Amino acid sequence: MLVVRPTRLSDLPALERLAGSATPRLTNLPAHRDRLEERIARSMRAFGEAIDVPGDEHYTFVLEDQACGEVVGTATIRALAGYNEAYYTYRQETLIHASQQLNVRREVQTLALSHEVSDASLLCALSLDARYKGTNAESLLRRARLMFIAQYPERFADILAMAFPGYLDDAGESPFWNSVGRHFFARDYHEINYFAGVRSKSFIAEVMPQFPLYLALLTPQARAAIGREHPVHEPALDEMLAEGFLRSRHVDLFDAGPVIKGDRARLETFRHAAWHPVRIRPEHALPDAELAMIANQQQQDFRCTVARYALSPTGQLMLTPEHAEVLGVEEGRAVLAAPLTLAGSEIDPGYDEGEL
């Protein structure tokens, strides 16, 4: 049985392993023991505090396979992406160059340094053991964070954002970084990515050019990489678009990976989540039903698992004793349930309306 819960100090070796095996390596999940230990302590403080407005909190979750007692995944929410330091991205823009004398009008695509995403809550640092990819575990880990946000909306911004790793070539190099960032830092992509994960990111504002970058001056390979996700993360991006996120005009500063944004009130998990009192019944007595994410309502001891969305005629959610034990709930207590499968009726490939 799989369950998502807040991280604790004993999870440190597992987080180190997950950070080291992430493909590609993640800026916000560095394989650095001291930083990961700080992340766990910071998360434990956040889960334990009474909070009325989002601030500098980081909530780190782990996915535990209780059958083997092993932590097999991790994911984080940053309450505000840029609370202490601005969260920098490049924003795709269009400039018009025109001359009446020459009868010329050209629309030129540019990238401008931006920190607009700083005010969003950021879903980040997700890494899952390769054995569990392509299973329900992946969706559970990714979207259990939304179940937590749905219960404690005052802790998070109205807009949620996710940045996906960008395209790397066959040699593992970032064409965008090689065409842009390398000229200012004289470091390769993987080195600067790791540096950004373990140090302050203030160097971005100190060194990166403040003027717009004209796409026409970049290499064709760099232009083709803008807004393109790493192939390994294509299914994750598709799922979050089905959730209701939209592509924004922002891309990652280092590899130009896509940044998606969503108004949480319009996301599928929030729209379809419902509270139900628990009724405990043996496995054989439960009717067949679609799978759902089921979460308890305990802040520090938050738990979210996958079970059948089996309702009684009076609206009670029927759980097995095993699921009730995992969630730490008794009969009559309320749990939050949302369908595990997304309808994905129409994935909008365009931009967030607010970005137009």
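The sequence shown lines up with residues 754 to 1109 when you count with the numbering used here.
Backbone N, C-alpha and C define an ideal beta-carbon position, used for all residues, glycine too.
Fair warning: this is a prediction, and the values are worked out from it, not measured in the lab.
Report task. Report the option in S880, G801, P783 whose CA atom is closest to the CA atom of R761. Result -> Locating residue 761 in the sequence shown gives position 8, counting from the first residue. For R761, the nearest C-alpha among the options comes from G801.
Worksheet item: Hey, how far is the Cα of P1066 from the Cα of V1031?
Response: Within the sequence shown, residue 1066 is the residue found at index 313, counting from 1. Within the sequence shown, residue 1031 is the residue found at index 278, counting from 1. Answer to the nearest angstrom: the Cα atoms are 13 Å apart.
Excluding the 5 residues flanking I1033 on each side, which residues of the same chain have their C-beta closer than 7 Å to its C-beta?
Numbered from its first residue, the sequence shown carries residue 1033 at position 280. Here the set comprises L1072, P1074, A1077, E1084.
Q. Grouping DSSP H, G and I as helix and E and B as strand, with all else coil, what is F937?
A. Position 184 of the sequence shown, counting from 1, holds the residue named residue 937. Of the three classes helix, strand and coil, the one that applies to F937 here is helix, per DSSP.
Q.
Could you tell me the alpha carbon to alpha carbon distance between T1022 and N856, rounded to whole angstroms?
A. As a first step, residue 1022 must be located in the sequence shown, where it is residue number 269. As a first step, residue 856 must be located in the sequence shown, where it is residue number 103. Distance between the alpha carbons of T1022 and N856 is about 52 Å.
Handout entry: Nearest-angstrom Cα separation, counted from V815 out to P906
Key = Locating residue 906 in the sequence shown gives position 153, where the first residue counts as 1. Locating residue 815 in the sequence shown gives position 62, where the first residue counts as 1. One C-alpha to the other measures close to 21 Å.
*asked:* For a test of the three-state rule: what should DSSP assign to G1015, helix, strand or coil?
replied: Here residue 1015 is taken as the residue at index 262 of the sequence shown, counted from 1. Three-state result, G1015: strand.
- Report the rounded CA-to-CA distance for P965 versus L864, giving the unit in angstroms. Sequence index remark: in the sequence shown, residue 965 carries index 212 (1-based). Sequence index remark: in the sequence shown, residue 864 carries index 111 (1-based). Going by the C-alpha atoms only, they are around 5 Å apart.
Residues in the same chain with beta-carbon distance under 8 Å from A975, minus the five sequence neighbours each way, listed in chain order, please. Translated into positions along the sequence shown, residue 975 becomes position 222. If we look at A975 and ignore the five residues flanking it on each side, its Cβ neighbours are P928, F929, N931, S932, V933, A1009.
Rounded to the nearest angstrom, how far is the Cβ of G919 from that of R1017, given a contact under 8 Å? Within the sequence shown, the letter at position 166 stands for residue 919. Within the sequence shown, the letter at position 264 stands for residue 1017. About 25 Å; that fails the 8 Å criterion.
Through-space distance from I902 to E810, alpha-carbon basis | Translated into positions along the sequence shown, residue 810 becomes position 57. Translated into positions along the sequence shown, residue 902 becomes position 149. Each residue's alpha carbon lies about 13 Å from the other.
- Message: Using 8 Å as the threshold, is the C-beta distance between L1006 and T829 below it?
- Response: Along the sequence shown, read from residue 1 onward, the residue named residue 1006 stands at position 253. Along the sequence shown, read from residue 1 onward, the residue named residue 829 stands at position 76. Not a contact, by the Cβ cut-off of 8 Å.
Given a cut-off of 8 Å on the beta-carbon distance, is the pair A767 and V824 in contact? Taking the sequence shown and counting its residues from 1, the one referred to as residue 767 is at position 14. Taking the sequence shown and counting its residues from 1, the one referred to as residue 824 is at position 71. Their beta carbons are under 8 Å apart, which means A767 touches V824 by this criterion.
For E1083, does the three-state DSSP call read helix, strand or coil? Indexing the sequence shown from 1 puts residue 1083 at position 330. Coil.
*Under the rule that 16 or more other beta-carbon atoms within 10 Å means buried, what is E987, buried or exposed?*
As a working mapping, residue 987 is identified with position 234 in the sequence shown. Under this definition E987 is an exposed residue.
Keeping to the same chain, check which residues put their C-beta closer than 8 Å to that of N837; ignore five residues upstream and five downstream.
-> For the purposes of this step, residue 837 is taken as residue 84 along the sequence shown, with counting starting at 1. Correct list, in chain order: D809.
Look up S867 in the DSSP assignment and say whether it is helix, strand or coil. If you number the sequence shown from 1, residue 867 lands on position 114. Looking at S867 - three-state DSSP - the assignment turns out to be strand.
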